[in-house]
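Q: Have a look at this one.
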Amino acid sequence: MNAESPESVRDAAAGGFQVETVSREVVVINAAGLHARPADLLAREARKWQSRIELVNDAQRVDGKSILDVLTLAAEAGTRLLVEATGPDAREALDAIGSLFERRFNEHENDQES
Amino acid sequence: MKFSDFVASEAIRSHVHAGSKEGVVREMAQSLVDAGKIAAADLEGIVKAILKREELGSTGIGRGVAVPHTKHPSVSKLVGTVAVSQEGIDFQSLDGEPVQLFFLLVSPPDRPGDHLRALENISRQLRDESFCRLLKAAKEPVDIQHLLAEADGHGVVS
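Chains as they are written, first to last, in the working numbering: chain A, 118 to 231; chain B, 0 to 157.
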């Protein structure tokens with residue numbers, strides 16, 4: 118977690134399978150932060166993948182597939198998070214999750230809805 | 000943020016009468032009017048805004064819990080209340096389950112951080128299954144008040 122390179126990879130042999138953990142830093146750029154709707158989008162996307170997906174901030178590590186967990190991050194605009202994916206489709210999952218952040222969870226800055 | 004920072008205790012309801020999404024939102028907003036937290040003149044606007052937000056995706060976040068909410072310029076600080084439906088209400092939840100436990104939030108448009116911290120508190124507490132179970136089993140508003148106070152202090156010990 119302290120390796121802050123954009124994409125750090127470590128491979129661990131587990132029962133003969135190569136289990137890959139990939140991670141990348143993301144930034145919450147939508148103005149309203151990770152509120153209910155983005156958290157829902159994120160958890161839905163995460164659940165599409167087999168890999169375990171975790172979000173890490175300074176204080177905690179949570180399950181990216183759980184909306185309740187994601188909401189406990191209370192991540193405001195500007196927050197940096199580390200996304201870690203572990204499993205056979207980890208890289209694809211990480212790309213998909215990263216893209217959600219980059220697309221501001223499809224929110225517009227002048228959106229009055231939360 | 001603690002429950003006591005945003006939950007209007009006089010607006011807590013342990014037995015909502017409503018059986019529909021719109022009904023429960025209206026009943027909870029009315030309880031905030033009755034508690035003096037929002038103006039009667041703003042009731043309709045707030046109910047409409049909450050329902051419009053629901054159209055974007057249900058705030059039924061699973062485990063029988065929903066967090067209907069909106070921003071509204073009439074409030075200067077985050078206000079909210081808690082209600083329990085004994086029967087459960089179809090809220091088009093993300094997990095398809097009926098909702099028994101409602102946290103309704105109205106926040107000032109310029110304070111997204113407060114809204115996030117309220118959601119953080121609610122979701123963190125709700126990960127505790129006994130907290131959820133005890134809230135749903137509340138017989139009186141005062142039972143809910145005690146549970147929230149206990150969660151604020153040191154978590155629920157079942």
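Quick reminder that beta carbons are idealized off the backbone N, C-alpha and C, glycines included.
Who pairs with F102 of chain B in a beta bridge, going by DSSP?
A: F102 of chain B pairs with B:V81.
Q: If I measure Cβ to Cβ from T189 of chain A and keep anything under 8 Å in the same chain, skipping five residues before and after, which residues do I get?
A: So the qualifying residues of the chain are Q177 and V179.
Q: From what residue to what residue does the alpha helix (DSSP H) around D113 of chain B run?
A: Its alpha helix (DSSP H) spans residues P111 to L125.
Q: What residues in the segment 154 to 175 of chain A bring their beta carbon closer than 7 Å to a beta carbon of chain B?
A: Against chain B - using a Cβ distance shorter than 7 Å - the residues of the segment 154 to 175 of chain A are R154 and D157.
Q: What does L188 of chain A pair with, by DSSP beta-bridge criteria?
A: Looking at the DSSP assignment, L188 of chain A forms no beta bridge with any residue, so it has no partner.
Q: Report yes if the C-beta distance between G63 of chain B and K135 of chain B is below 9 Å; otherwise report no.
A: Cβ atoms of G63 of chain B and K135 of chain B: closer than 9 Å.
Q: Considering Cα atoms alone, identify which of B:E9, B:P67, B:S3 and B:P108 is closest to R25 of chain B.
A: Residue B:P67 is the option with its Cα nearest to R25 of chain B.
Q: Keeping to the same chain, check which residues put their C-beta closer than 6 Å to that of A34 of chain B; ignore five residues upstream and five downstream.
A: Closer than 6 Å at the Cβ level, and outside the excluded window around A34 of chain B, lie A7, E9 and A10.
Q: Considering just the uninterrupted stretch of the beta strand (DSSP E) at L55 of chain B, what are its terminal residues?
A: First-last for L55 of chain B: undefined, no H or E at that position.
Q: Under 7 Å Cβ-Cβ, which residues of chain A neighbour R123 of chain B?
A: Near R123 of chain B (Cβ distances below 7 Å), the residues of chain A are T189.
Q: State whether the segment 192 to 201 of chain A contacts the segment 110 to 120 of chain B, with contact taken as three or more CB pairs (one from each stretch) at a distance under 8 Å.
A: Yes, since at least three Cβ pairs between the segment 192 to 201 of chain A and the segment 110 to 120 of chain B fall closer than 8 Å, the two stretches touch.
Q: Quick one: using the 10 Å Cβ neighbour count with 16 as the cut-off for buried, is E38 of chain B buried or exposed?
A: It is worth fixing the name first, because residue 38 of chain B is Ala in this sequence and not Glu. It is exposed - the Cβ of A38 of chain B has fewer than 16 other Cβ atoms within 10 Å.
Q: Confirm the yes/no value for this check: CB of L190 of chain A, any heavy atom of the ligand ADP, distance under 8 Å.
A: With respect to small molecules bound, the structure shown includes none, and the ligand ADP cannot be examined in it.
Q: For H225 of chain A, return the contacting residues in chain B, with the cut-off set at a CB-CB distance below 8 Å.
A: Under the 8 Å cutoff, chain B gives no residues; its nearest Cβ is about 13 Å from H225 of chain A.
Q: Chain A partners of E119 of chain B, CB-CB under 8 Å?
A: What E119 of chain B touches in chain A: L188, T189, L190 and A191.
Q: Can you confirm whether G150 of chain A, when its beta carbon is compared against all beta carbons of chain B, has any partner nearer than 9 Å?
A: So yes, G150 of chain A belongs to the interface.
Q: From which residue to which residue does the beta strand (DSSP E) around A210 of chain A run?
A: Per DSSP, A210 of chain A belongs to no beta strand (DSSP E); it is in the alpha helix (DSSP H), A207 to E219.
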